[in-house]
Each structure stands twice: as structure tokens, then as C-alpha cells.
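Inspection log for the structure reproduced underneath, given as C-alpha cells.
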Amino acid sequence: MKAPTFTQSMSWLHTWSGLLFGWLLVPIFFTGTLAVFEPEISHWMRPEIRHAPAEPARALAVAEARLRQVGEGAPIWRVQMPSSRQPAVGIVWGNREQTREEVLHPVSGEVLPVRATEGGHFFTHFHAELDAGKVGRAIVCLVGLVMLAALINGIVVHKKIFQDFFTFRPQSSAQRSWLDAHNVLGVLGLPFLLLITYTGVVILVDSYLPAATYHFYDGKAGGPRGDVVRSFERRPAGVAAPLPSLAPLLQEAETVLGAGHVGWIGIRAPGDREATVQFMRHLDDRLGAVADHITFAAVSGWELGRQTEWNPVAYAFRTQVGLHLVHFGGYPAQWLYFLSGLAGTAMMAVGLVLFTIKRRKRPGHEFGAATARVYGAIESLNVATVAGVMLASAAFLWANRLLPADLAERAAWEIGAFFAVWALTLVHAGLRAPGAAWRGQLYAAGLAWALLPLCDVAGAPGLLDAMRLGVDLTALVGGLALVYLGWRVSRRFAAAAAKEAA
Numbered sequence: 022m023k024a025p026t027f028t029q030s031m032s033w034l035h036t037w038s039g040l041l042f043g044w045l046l047v048p049i050f051f052t053g054t055l056a057v058f059e060p061e062i063s064h065w066m067r068p069e070i071r072h073a074p075a076e077p078a079r080a081l082a083v084a085e086a087r088l089r090q091v092g093e094g095a096p097i098w099r100v101q102m103p104s105s106r107q108p109a110v111g112i113v114w115g116n117r118e119q120t121r122e123e124v125l126h127p128v129s130g131e132v133l134p135v136r137a138t139e140g141g142h143f144f145t146h147f148h149a150e151l152d153a154g155k156v157g158r159a160i161v162c163l164v165g166l167v168m169l170a171a172l173i174n175g176i177v178v179h180k181k182i183f184q185d186f187f188t189f190r191p192q193s194s195a196q197r198s199w200l201d202a203h204n205v206l207g208v209l210g211l212p213f214l215l216l217i218t219y220t221g222v223v224i225l226v227d228s229y230l231p232a233a234t235y236h237f238y239d240g241k242a243g244g245p246r247g248d249v250v251r252s253f254e255r256r257p258a259g260v261a262a263p264l265p266s267l268a269p270l271l272q273e274a275e276t277v278l279g280a281g282h283v284g285w286i287g288i289r290a291p292g293d294r295e296a297t298v299q300f301m302r303h304l305d306d307r308l309g310a311v312a313d314h315i316t317f318a319a320v321s322g323w324e325l326g327r328q329t330e331w332n333p334v335a336y337a338f339r340t341q342v343g344l345h346l347v348h349f350g351g352y353p354a355q356w357l358y359f360l361s362g363l364a365g366t367a368m369m370a371v372g373l374v375l376f377t378i379k380r381r382k383r384p385g386h387e388f389g390a391a392t393a394r395v396y397g398a399i400e401s402l403n404v405a406t407v408a409g410v411m412l413a414s415a416a417f418l419w420a421n422r423l424l425p426a427d428l429a430e431r432a433a434w435e436i437g438a439f440f441a442v443w444a445l446t447l448v449h450a451g452l453r454a455p456g457a458a459w460r461g462q463l464y465a466a467g468l469a470w471a472l473l474p475l476c477d478v479a480g481a482p483g484l485l486d487a488m489r490l491g492v493d494l495t496a497l498v499g500g501l502a503l504v505y506l507g508w509r510v511s512r513r514f515a516a517a518a519a520k521e522a523a
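Counting from 22, one number per residue, gives the positions in the sequence shown under the working numbering.
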């Protein structure tokens, strides 16, 4: 028997690793794509917040006034300043073990009765940890490494990679057209896929190569950060002293960090003689995800220190973090990442579909008598992985509008809706024929997304601002695209059935 060539060996690896890990890669990539617009989704899920432009001094004044009312005795105060993507003022007070938080109108100082929700952060959290803590993070690490390997051997398998980019035959056979789509999407998004996968692997390096942390920092996760980020905090003296107004310190901080660039303010030991106030710069306009900061003695107003220059190695690492998180570049860069993420998700989804189409046409006996059942299970998993996760993501947003605003553990119920719907899509796919399962779930996901604007207006009446409207319009366009895809898939299965009957 002739030994397989190197390319054939790589093809086998690409096929089976793509299938087995694709069941995780598609949900991870899709939720990561949604996470590009985490602030916008979070704003959509808290419709009680309205855009109200406010000067930084005014926003700090309302936050300071409220913290003096509710935070007396708390050793930690924090203020999140409003921005174009996060229009309200957030305040936090408490200690290291327990904190409380409120959202304030940046002009009036009114406490906004926002509903409890995980917001868009759920998609970020799922993307990074599968909502499963350290175990989930370890799985994501493994999947990221496999993804990087799959991209490389995918390039090896497709020797005519650039020729494939210009070859798309939608009217040819199902297998040929799906393969063309997989190739075109893969080549089109190859630079982005390599960038986002490599930076994702680098970000999580401490999770799968922890030896350095354990050796040099006794296993303390925050050890490396302590070597890079300078702290100018002081130990509380235990001597009471009134906290002066923070407005003059904000003005001085803005001369260092830039006017309107303060993102977070942290007050340690307010009311103590050794209280400190730290002003941190936001990351929205820089590639390197490092937060310049300056710290003052709260009582005297003296500057205790600043950090605006960074270790070159640490800055290089944080630049890769910035490339992955895309806080830089404004909406043009974020839309580029979003569309590239959708293309990458589609490429992986098409790869899963291609696997079953090839074996539908040439069924083998890889699993003996159980081969048909195994391929049936694979088809069901493919449907739930692709269409199911899209339907579940829409269900998460629908739950935000349909659940009572004052429901206990409301955020957990929203997340529960996501996983419950996703589980139901797997059951549905297992009970239906492949064509019916794909058609039904693509139509359901499409309608769920397309009707989301109506759900928004009905569940949170009032004037729509630009951010909510942007989420609604994006959902509408995406939903219509899924409905169209469901129609095309339905026609494909119908044509295949007619051909077999003839």
C-alpha cells in the first residue's frame, strides 16, 4: 500500500482537527465577534441609560457627591468616567471582598435604576473562558493552539491558495461550491485569522506556560504585573482627615493624561490622612493596551508619582493585547474586526458543513456498523454549533427585554436562557433530518435577530439613541442574512432530494 504524501497527511489532520475543535471554535469565534461591540451591547441591555453629554468635571462632581453620601467608611472608591461608548457615570465603593455599585446620570447625578445584566461582557467572558472559569480558559487555550496549527496546515493543504481565492462556483455541485466558499473565506480573512489567533494565544500564555510565574513569583498571578505597573499608594495612617474636592486634581491629571482622556479614578482610604487619588487614562485611542496613570495625595494635593513610560517588552506584549481587543481605531477598526470575525466564523462553519457533505456523497465505514449513527450525531452537532449558537445569542438579548426588570438573580436568568436555548437546538437537531434541522434553526435564528428591534421598542419604550439604534439595525441586517441563508440551504437540500428520487 502506497504511503500517504505529506499533503495528504496534512489534509487528514486539517479535516479531523477542524471538525472536533470546530464545535468549540465556531461558538468562541462568533461570541468574540459580538464582543467587539461589548460596550454597545451593554448599553442596549441597559435601556434606562440615555446619552447626555457632560464635561469631565461635572461627571466627577456628581460621582463625588454620591460617594460622599453612600461610601462613608468604605476603604475603596472608584469612578468610571463617561465616554462616547459608555455614556453614564459608574461608581463603586466597598473593600476587597465586597463592593457595591451604582450608575449615575452624568449631568443631574440621578441614580439610574438600571436592570441587572451581564451585558455584552457575557460574550467576552464566554469567548475567553466558555463561562467555565479556569477549566474553560484551559480549553480555550488548547483550542487556540489547535486553531493556529489548523491555519498553518490549511495553507499547506491548499497549494494553490491564491488561485483558490478567485475560484468560486456557486452553481456547481454542493461539495465543490462549499469547498470554494471555505477557500475564499479562508484566504480573504487569512491575515486577520492569523493575527487574532496568534494574539489570543499570546494573551493566554501564562495559562498554558505557567512555569515562569510559579518560579519567579511563587505562583502569584499578579506578580508580573507588579513588576511592570508602578503603584504609588500609601498605607492608611488611621488618622482622620477630610477629603478635599477632587476637581483641582482632575484638572492637573488632565494636563498629564490629556483633556477628556481620564477613564477611571480610584480613591484609596478616603477620609484618612494618607488617602490617595489615582487617575487612569482610558485605552480607546491607542494600540498598546496600557493605562498611563498619575497618583496624588488626596489631602495635600501633592503628586506622588506618575507612569507614562513603559518597559519595552511589557509594552510589546500589551500591544498584542490591544491588537486582540481592538479598543483602538474607533468604529472603522471595530467594524473591520467585526466583519472579519463574521467571515472567519463563516469559514469555520462552512468547513463543518463540508465534512458532512463529503461523507454523505461517499459514505465510508470508518466506525463499522455505527458509522451512520456517528455521522448523524456529527451532523446534529454541526447544526447546533453553527445555527444553534446564533439562535442562543439572540435569545440572550430577548431575555433581557422579556424578563421582569426587578427579577432576583436576573443576570443569571439571562445567561440561563442562552444555554437553555442552545441545548434545545441540539435536541432539535438530533430529532430532525439534517435538511429540516438546518432550515428550521437558520430561519429561527434569522427571525430572532431580525425581530430584535421590535422587541427592543416594545420592551423599552422611549427615544432610541445612536448606540441602541446601531445594535438594532445590525441585528436586522444579520437576521435577514440568516433568513436568506436558510432559504438557500432549503433549496439545496430540496434539489438534492429531487436528484436522489430521480
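Where a beta carbon is used, it is the ideal one built from N, C-alpha and C, also for glycine.
(1) Taking 8 Å as the threshold, find out whether the region 467 to 479 comes into contact with the region 496 to 503 through three or more Cβ pairs.
(2) With 16 as the cutoff for other CB atoms within 10 Å, does Tyr358 come out buried or exposed?
(3) Using DSSP with H/G/I as helix, E/B as strand and the rest coil, what is Gly309?
(4) Using a Cβ distance threshold of 8 Å, determine whether the region 62 to 74 contacts the region 111 to 119, with at least three qualifying pairs required.
(5) In chain order, what residues of the same chain have a beta carbon less than 7 Å from the beta carbon of Gly130, not counting five sequence neighbours either side?
(6) Work out the CA separation of Thr377 and Asp486 for me, nearest whole Å.
(7) Exposed or buried, which one is Pro524 when buried takes at least 16 other CB atoms within 10 Å?
(8) Rank Arg106, Gly221 and Arg89 by C-alpha distance to the C-alpha of His148 and give the top, closest one.
(9) Gly456 and Val504: beta carbons closer than 8 Å?
(10) Starting from Ala481 and walking both ways along the alpha helix (DSSP H), at which residues does that stretch end?
(11) Might you give, ordered along the chain, the residues of its own chain that have their beta carbon closer than 7 Å to the beta carbon of Asp313, omitting 5 neighbours on each side?
(12) How about Gly111 and Val132: are their beta carbons less than 8 Å apart?
(13) With the cut-off set at 8 Å, would you say Thr297 and Arg255 are in Cβ contact?
(14) Buried or exposed for Thr218, please, with buried defined as at least 16 other CB atoms from any protein chain shown within 10 angstroms of its CB.
(15) Can you tell me the Cα-Cα spacing of Leu490 and Gly483, whole angstroms?
(16) Hey, how far is the Cα of Tyr336 from the Cα of Asp306?
(17) Run through the DSSP bridge pairs and tell me what Trp285 is partnered with.
(18) Taking all protein chains shown into account, do 16 or more other C-beta atoms lie within 10 angstroms of the C-beta of Val374, making it buried, or fewer, making it exposed?
(19) Given this structure, state the Cα-to-Cα distance separating Ala280 from Gln272, to the nearest angstrom.
(20) When the Cα atoms are used, what is the spatial distance from Met22 to Thr54?
(21) I'd like the list of long-range same chain contacts for Leu363, defined as Cβ closer than 7 Å, with 5 residues on each side in sequence excluded.
(22) Output needed for Gly343: all residues of its chain with C-beta closer than 8 Å, excluding positions within five of it in sequence on either side, in chain order.
(23) Across which residues does DSSP place His314 in a beta bridge pair?
To lay it out plainly:
(1) yes
(2) buried
(3) coil
(4) no
(5) Val83, Ala86 and Arg87
(6) 44 Å
(7) Only positions 22 to 523 of the chain appear in this structure, which leaves residue 524 out of reach.
(8) Gly221
(9) no
(10) First-last for Ala481: undefined, no H or E at that position.
(11) Leu278, Arg302, Gln328 and Thr329
(12) no
(13) yes
(14) buried
(15) 12 Å
(16) 15 Å
(17) Gln101 and Met301
(18) buried
(19) 8 Å
(20) With a pLDDT of 49 at Met22, under the threshold of 50, the predicted position of this residue should be treated as unreliable, though the coordinate-derived value follows. Each residue's Cα considered, the two are about 46 Å apart.
(21) Thr54
(22) Leu304, Arg307, Leu308, Gly309, Ala310 and Phe349
(23) Met301 and Gln328
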